[in-house]
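S.K.:
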Amino acid sequence: DFSLHREKGKKKDYGFTLKQRKEQFKEKRNAKNPDYARKSECDESKLEMAKRMLCHAVGHGINFKYVLADSWFTCESLIQEVRELCGGSVHYIGLTKMNPKLRYQTSKSKRPQNIHELIARYERTTSCYCRKYKCKYIQLHAKLGEQPVRIFIIKYGRSTHWKVLLTTDISMNFVRAFELYERRWGIEVIFKECRGYLGLGKCQSRSYNAQIADTTLCFMMYQMLSLAKRFSEYETLGALFRSERD
1084 DFSLHREKGK KKDYGFTLKQ RKEQFKEKRN AKNPDYARKS ECDESKLEMA KRMLCHAVGH
1144 GINFKYVLAD SWFTCESLIQ EVRELCGGSV HYIGLTKMNP KLRYQTSKSK RPQNIHELIA
1204 RYERTTSCYC RKYKCKYIQL HAKLGEQPVR IFIIKYGRST HWKVLLTTDI SMNFVRAFEL
1264 YERRWGIEVI FKECRGYLGL GKCQSRSYNA QIADTTLCFM MYQMLSLAKR FSEYETLGAL
1324 FRSERD
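Throughout the sequence shown, residue numbering follows our numbering, covering 1084 to 1329 in sequence.
1. Have a look at the DSSP bridge pairing and note the partners of Arg-1233.
2. If you check the beta carbons only, do Ser-1040 and Leu-1178 fall under 7 Å apart?
3. Where does the unbroken alpha helix (DSSP H) through Val-1173 begin, and where does it stop?
4. Check whether the Cβ atoms of Cys-1218 and Tyr-1239 lie closer than 7 Å to each other.
5. If you count every other CB in all the chains shown that lies within 10 Å of the CB of Glu-1164, and 16 or more means buried, which is it?
6. Between Tyr-1119 and the rest of its own chain, which residues show a CB-CB distance below 6 Å, the 5 nearest in sequence each way excluded?
7. Using a Cβ distance threshold of 8 Å, determine whether the stretch 1274 to 1292 contacts the stretch 1196 to 1206, with at least three qualifying pairs required.
8. Counting along the chain, where does the alpha helix (DSSP H) carrying Tyr-1280 start and finish?
9. Assuming contact is defined by CB atoms lying nearer than 7 Å, are Ile-1027 and Thr-1250 in contact in what I supplied?
10. Can you give me the start and stop residues for the beta strand (DSSP E) that Ala-1152 sits inside?
11. Between the stretch 1218 to 1228 and the stretch 1266 to 1276, do at least 3 Cβ pairs fall closer than 8 Å?
12. Taking only three categories from DSSP, how would you classify Ser-1210?
13. Please state the DSSP three-state secondary structure of Leu-1161.
14. Count Cβ pairs between the stretch 1086 to 1103 and the stretch 1124 to 1142 that sit closer than 8 Å; are there 3 or more?
15. Check this for me: beta carbons of Asp-1297 and His-1174, under 7 Å apart or not?
16. Gln-1107 to Met-1181, Cα distance in whole Å?
17. Let me know if Ala-1260 comes out buried or exposed under the rule of 16 or more other beta-carbons within 10 Å of its beta-carbon.
18. Does the Cβ of Tyr-1149 have 16 or more other Cβ atoms within 10 Å, making it buried, or fewer, making it exposed?
19. Between which residues of its own chain and Val-1141 is the CB-CB distance below 7 Å, once the five residues before and five after are set aside?
20. Please classify Leu-1248: is it buried, with 16 or more other beta-carbons within 10 angstroms of its beta-carbon, or exposed?
21. Quick check on this structure: which residue in Lys-1226, Arg-1166, Glu-1271 has the alpha carbon closest to the alpha carbon of Lys-1193?
22. Could you give the C-beta distance for Arg-1166 and Gln-1230, rounded to a whole number, given that I count them as a contact under 8 Å?
23. Output the boundary residues of the alpha helix (DSSP H) element that contains Tyr-1264.
24. Any C-beta of chain D sitting closer than 7 Å to the C-beta of Cys-1213?
25. Should Tyr-1097 go down as buried or exposed, given a rule of 16 or more other Cβ atoms within 10 Å for buried?
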């Protein structure tokens, strides 16, 4: 599933002048048609749409154990929504922003602390080194609001910048969380290939319906091409070993 959104901006004018807004192309829509619902999504919050998509997936029988998201989506409300899916069997894994206003309550502190305070307190005493991924990390069990979470504060090589990986699965170790989150990179690859080879986002039509149709066809084409590539490059283990032996 996908949705297209527009941003109002600081001046609440969508980046247009008054004259441009008056001259903007408009279409009349019937409230009974599907395109009316699609158009209403345009001004909705991306966060609320993400929640709706998750519920929509569960309602259609799509089973999953983890929701992977980047730092833009990580917040208490979305995490709470994820944990309520499928009777609490779904967990959240995502990066979080280095936001001083985002505070975590650990068992060793009397008050909630932000990431910078946690790094200053625990870097020298509880940091570990992961040889597999060549990074240093601090593993902490904390609460974000009322939700128990496990935090991995990560620094790669000689970098001075830290990244924060968060999961609601408090039994998960660092390597497992890291490897699961890596799978999200596949989404970035899909968008890059769709833009580069299938013209995603290059539709010049003024019609919102046409933009939705173009994006839908682009993703459908990508799915068919991916499936064809999967079948054409399929090789059994027996054939693989025989080719290596020959």
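Glycine included, every Cβ here is placed at the ideal spot set by N, Cα and C. Quantities reported herein were computed from a predicted structural model and do not represent experimental measurements.
M.R.: On the basis of the supplied data:
1. Reading the sequence shown from its first residue, position 150 is the one you call residue 1233. Under the DSSP definition of a beta bridge, Arg-1233 partners with His-1224, Thr-1250.
2. There is simply no residue 1040 to check, as the chain begins at 1084 and stops at 1329 in what is shown.
3. Along the sequence shown, read from residue 1 onward, the residue named residue 1173 stands at position 90. It is not in any alpha helix (DSSP H) - Val-1173 carries neither H nor E in the DSSP assignment.
4. By 1-based counting over the sequence shown, the position of residue 1218 is 135. By 1-based counting over the sequence shown, the position of residue 1239 is 156. For Cys-1218 and Tyr-1239, yes; Cβs fall inside 7 Å.
5. Mapped onto the sequence shown, residue 1164 falls at position 81. Classification for Glu-1164: buried.
6. Here residue 1119 is taken as the residue at index 36 of the sequence shown, counted from 1. Excluding positions up to five away in sequence, the list reads Arg-1112.
7. Segments in contact, no.
8. For the purposes of this step, residue 1280 is identified with residue 197 of the sequence shown, where counting begins at 1. First-last of the alpha helix (DSSP H) with Tyr-1280: 1268 to 1280.
9. The structure shown does not extend to residue 1027, since the chain is modelled only from 1084 through 1329, so no value can be given for it.
10. The sequence position of residue 1152 within the sequence shown is 69, counting from 1. Unbroken beta strand (DSSP E) run through Ala-1152: 1149 to 1152.
11. A contact between stretches requires three or more CB pairs, one per stretch, nearer than 8 Å, and the stretch 1218 to 1228 fails this requirement with the stretch 1266 to 1276.
12. Within the sequence shown, numbered from 1, the residue matching residue 1210 stands at position 127. When DSSP states are grouped into helix, strand and coil, Ser-1210 belongs to the strand group.
13. Here residue 1161 corresponds to residue number 78 of the sequence shown, with the count starting at 1. Here Leu-1161 sits in helix by DSSP.
14. By the Cβ criterion, the stretch 1086 to 1103 is in contact with the stretch 1124 to 1142, since at least three pairs of Cβ atoms, one from each stretch, lie closer than 8 Å.
15. Taking the first residue of the sequence shown as 1, we reach residue 1297 at position 214. Taking the first residue of the sequence shown as 1, we reach residue 1174 at position 91. No; because the gap between Cβ atoms is not below 7 Å, this pair is not in contact.
16. The residue you call residue 1107 lines up with position 24 of the sequence shown. The residue you call residue 1181 lines up with position 98 of the sequence shown. Separation of Gln-1107 and Met-1181 (C-alpha to C-alpha, rounded to the nearest whole angstrom) is 39 Å.
17. Against the sequence shown, residue 1260 aligns to sequence position 177. Its Cβ being crowded by 16 or more others within 10 Å, Ala-1260 is buried.
18. In the sequence shown, the residue the question calls residue 1149 occupies position 66. When all chains shown are included, Tyr-1149 counts as buried.
19. As a working note, residue 1141 is residue 58 in the sequence shown. So the qualifying residues of the chain are Leu-1168, Cys-1169.
20. In the sequence shown, the residue the question calls residue 1248 occupies position 165. Burial is judged here by how many other beta carbons sit within 10 angstroms of a residue's own beta carbon; Leu-1248 has at least 16 and is buried.
21. Stepping through the sequence shown from its first residue, residue 1193 is reached at position 110. Out of Lys-1226, Arg-1166, Glu-1271, Lys-1226 has the C-alpha closest to the C-alpha of Lys-1193.
22. Counting from 1 along the sequence shown, the entry for residue 1166 is found at position 83. Counting from 1 along the sequence shown, the entry for residue 1230 is found at position 147. Arg-1166 to Gln-1230, Cβ: 7 Å. Contact.
23. Reading the sequence shown from its first residue, position 181 is the one you call residue 1264. In this chain, the alpha helix (DSSP H) harbouring Tyr-1264 covers 1257 to 1265.
24. Absent here is chain D; the protein component of the structure consists of one chain.
25. As a first step, residue 1097 must be located in the sequence shown, where it is residue number 14. Around the CB of Tyr-1097, fewer than 16 other CB atoms lie within 10 Å, so the residue is classed as exposed.
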